[in-house]
Structures are given as C-alpha cells and as structure tokens.
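Just so you know, full-length UniProt numbering puts 335 at position 335 of the sequence shown, and the rest follows in order with no gaps.
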Amino acid sequence: MLGISVFAGLGISLEENYEYMSKAKELGINKIFTSFHIPESSMDFDYEMNEILNYSKELDMSIIADISKSYFDNIDFNKYNIESLRLDFGFSNKDIAKLTKELFCGITLNASTLEKSDIEEILSFGGDLSKINACHNYYPRPETGISESLFNERNSLFKYYNIELTAFIPSFYRPRGPIFEGLPTLEMHRHMDPVVAYQHLISCGVDNVFFGDSQASFEELCRISDIKKNIFRIPIKIFDVCDEELRILDMVHRNRKDPGEFVVRSSKAINNLKSSIRPNNCIDRFKYGVCIDNHGYLRYEGNLHVLKKDFESDSRVNLVADATEAAILIETIKPGDFFEFEIKRKK
1 MLGISVFAGL
11 GISLEENYEY
21 MSKAKELGIN
31 KIFTSFHIPE
41 SSMDFDYEMN
51 EILNYSKELD
61 MSIIADISKS
71 YFDNIDFNKY
81 NIESLRLDFG
91 FSNKDIAKLT
101 KELFCGITLN
111 ASTLEKSDIE
121 EILSFGGDLS
131 KINACHNYYP
141 RPETGISESL
151 FNERNSLFKY
161 YNIELTAFIP
171 SFYRPRGPIF
181 EGLPTLEMHR
191 HMDPVVAYQH
201 LISCGVDNVF
211 FGDSQASFEE
221 LCRISDIKKN
231 IFRIPIKIFD
241 VCDEELRILD
251 MVHRNRKDPG
261 EFVVRSSKAI
271 NNLKSSIRPN
281 NCIDRFKYGV
291 CIDNHGYLRY
301 EGNLHVLKKD
311 FESDSRVNLV
321 ADATEAAILI
331 ETIKPGDFFE
341 FEIKRKK
C-alpha cells in the first residue's frame, strides 16, 4: 500500500499540504507518515501539526506518527486519526510493552535497528504482539541509507513474527530539508525512479511504502497508484518501433515458467500479428534491452525477451527498447511472474 509523508514547520504552507493530502486521497491513498520531532522545524510547528492532524481526520486518512518520549505527553492522541505511534528516542522495551496494552492505537517499532532480543523482551513484559508493527528509518544524508542485504535480514525477523512492515522511497519533486537529497530507506533507491523503488520494496515483502520526502509530484503518485497487484511495471525507453511492435509492448506479458538462462521470456504466443515485423535496429544487444523477433525468425516472429546479459547482433532480432532503469526489477522477475511496460520515447 502506498502512503505519503506530510511535515509541519518545514516551509511548506498549510494550503500546499492540504492540496497534497487531498490529491493523494483522490488517488485512494489513505495513510500519512509524520514526525513530532524534527530539529529543523519552525516556531509554527505546533500550530501547523494540529491543523494537519485535523485535516487528515476530515479526509479520513490515518496517521503514523514518529514521536520521542519528550513529546509524548504534549499531545492528546484521542483527538486525531492516529493509527500508530512510531516510538523513537527514550522508550524502553518495558515502556513499549506497557503502551501496547494502554493505547488505543498501534505501536510502531524501528525496523532498521530492532533486534530479536528486543521483541522477546517486549513479549516477556506482556506486550501485545497484535498491536505492534514495524517501520524502517529514512536517511536524509547521502551514503547513509541501509543496504539491501541488511534490509532483508531485518525484515526476516519481522516476517517470523508476522509483523507488518513499512519502508520509504524518495521523491524527486520536493525533497525534505535540510539536505534535500531524498529520504529513502535503501541507499540504492536515492536516485532511482520511484516506480522502480516502490516495486522493489514490495518484492522484498514490505507491506506499506511511503514517500519519505515532503511532497511527491502528482505524476509520481499517479504512476505508482496505477501499478496493478502482482504485475511488475517496467519503465522502458523505446526506439524507433513499428506499430506491431508497439502493440506487443502494450500487452501484459508473463515470464515463461521455463525462461532462458539469460532472458525474461514472454509466454504470450503471438498468433494474430496484424502485419509482418521487418528487421530493424538489429544491432548488438545490451543487458536489460528489450527485443522482439522479426519475420526472419519464422514461427518465433513477435516473441518478446528482456535480456539479462549482452548478446551480439542478430538479423532476426530487433532491439526495441531500453529497460536499464528497471534493472533491479528485471532481476527480481521469477518464472511465471506477470509484467508490463511503462513506455517512454527514447530521446
């Protein structure tokens, strides 16, 4: 599920935040992440936060709020649509266990730093596991986001306990200050297309993915909201293709259950070609290129492949698009998985 982040006291007007929240709601986005402790926030923080929380309630959007113990007693949580509190600085495992039994809302643990011993201790103090979920950190400073291997290692702990997981992707539209270089969980996502980063997190078993930055663009929100469940959306830049090739690229494909060693191979049989596919752009084929067999391949004409290594040119194979931007998704596609393309013109 996709969510957004909305922050108070960071130079974005209430009117802009209201508009952002409303547009997200129109797209079916119902979750907001916010923080009650941002060192760089302005003097207007308390007022703006109160207004944002009130407006989220009006829109029926639920809130996950990052909070430190020093701020905990300063807010009446019962007034707002707070789904869960992400407990940060100052809370012991005993405190957490107690709060799972006392608060009406859920408790969000720090998925990036928590150890198995912490969960065991929370449970030993009588913590209610059904009230607990986990959310990774985001990392404003470049080079500090966590690795995919550590991410998956941490996630395996929460999957073992069947705890819901949340993580963050950056936006290129209005990054949050003071660094303004994205708020991803994984460092590898910092400059990655959000559509690709989102799907990568979902493929890693994450339940909720939030834009970490102050505002994502409406285009970014729409592109991700348009992704269909269980169908990989692969952004591609197409070359000079014929109408028949474009029609094939517009289809939903399924990787064969017996794909080749070095390709994602569509299982879609092209038996109703409307016109013959002539040889075109039969050049050396690069890793993550998208290829369609032309009429020189006889009964294989119209077959589509996404390459996972470089190949030499073949007069029977047309190189039709570049999917390099989605490399991490291509490596993730398993036999039998569905995929489709998001088409951009190659400049």
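C-beta atoms are modelled at their ideal positions from N, C-alpha and C, and glycine is treated no differently.
For residue i, is the classification buried or exposed, using 16 other Cβ atoms within 10 angstroms of its Cβ as the cut-off for buried?
i	result
Ala-326	buried
Gly-126	exposed
Thr-144	exposed
Ile-179	exposed
Arg-141	exposed
Ser-191	The amino acid occupying residue 191 in the given sequence is His; Ser does not appear at that position. So His-191 counts as exposed.
Tyr-80	buried
Leu-273	exposed
Glu-220	buried
Just the C-alpha distance for residue i and residue j, rounded to the nearest angstrom, thanks.
i	j	result
Ile-146	Glu-187	6 Å
Val-263	Phe-286	12 Å
Ser-68	Ile-75	12 Å
Ser-5	Gln-215	7 Å
Asp-250	Arg-256	18 Å
His-305	Glu-51	51 Å
Asp-226	Ile-202	15 Å
Ile-343	Val-290	12 Å
Pro-39	Asp-66	13 Å
Asp-130	Ala-269	A quick correction: the sequence has Ser, not Asp, at residue 130. Going by the C-alpha atoms only, they are around 47 Å apart.
Lys-308	Glu-261	9 Å
Ser-56	Phe-158	29 Å
Glu-15	Glu-48	10 Å
Whose C-alpha, out of the options, is nearest the C-alpha of residue i?
i	options	result
Phe-33	Lys-287, Met-61, Ser-42, Phe-262	Met-61
residue 380	Tyr-160, Gly-212, Phe-172, Ile-330	Because the chain is modelled from 1 through 347, residue 380 falls outside the range shown and cannot be assessed.
Ala-321	Glu-219, Ile-119, Pro-235, Ile-52	Pro-235
Thr-166	Leu-157, Asn-281, Cys-135	Cys-135
Asn-93	Asp-118, Tyr-71, Met-43, Gly-302	Asp-118
Return the chain-ordered list of same chain residues with a C-beta closer than 6 Å to the C-beta of residue i, the five sequence neighbours on each side being excluded.
i	result
Thr-324	Tyr-288
Glu-245	Ile-292, Val-320
His-200	Ile-328
Ser-35	Asp-66
Leaving aside the five residues before and after residue i along the sequence, list all residues of the same chain whose C-beta is less than 7 Å from its C-beta, in chain order.
i	result
Tyr-300	Asp-293
Pro-279	Asn-294, Gly-296, Ser-315, Asn-318
Asn-17	Val-6, Ile-52
Ile-333	Phe-232, Asn-255, Val-264, Phe-339
Could you tell me which residues DSSP puts in a beta bridge with residue i?
i	result
Leu-109	Ala-134
Cys-291	His-305, Leu-319
Thr-34	Ala-65
Thr-166	Cys-135, Asn-208
Phe-311	Arg-285
Ile-255	Reading the sequence as shown, one finds Asn at residue 255 and not Ile. Asn-255 pairs with Ser-266.
Keeping to the same chain, check which residues put their C-beta closer than 8 Å to that of residue i; ignore five residues upstream and five downstream.
i	result
Ile-283	Ser-313, Leu-319
Phe-239	Asn-281, Leu-319, Val-320, Ala-321, Asp-322, Lys-346
Pro-259	Arg-265, Pro-335
Met-43	Gly-9
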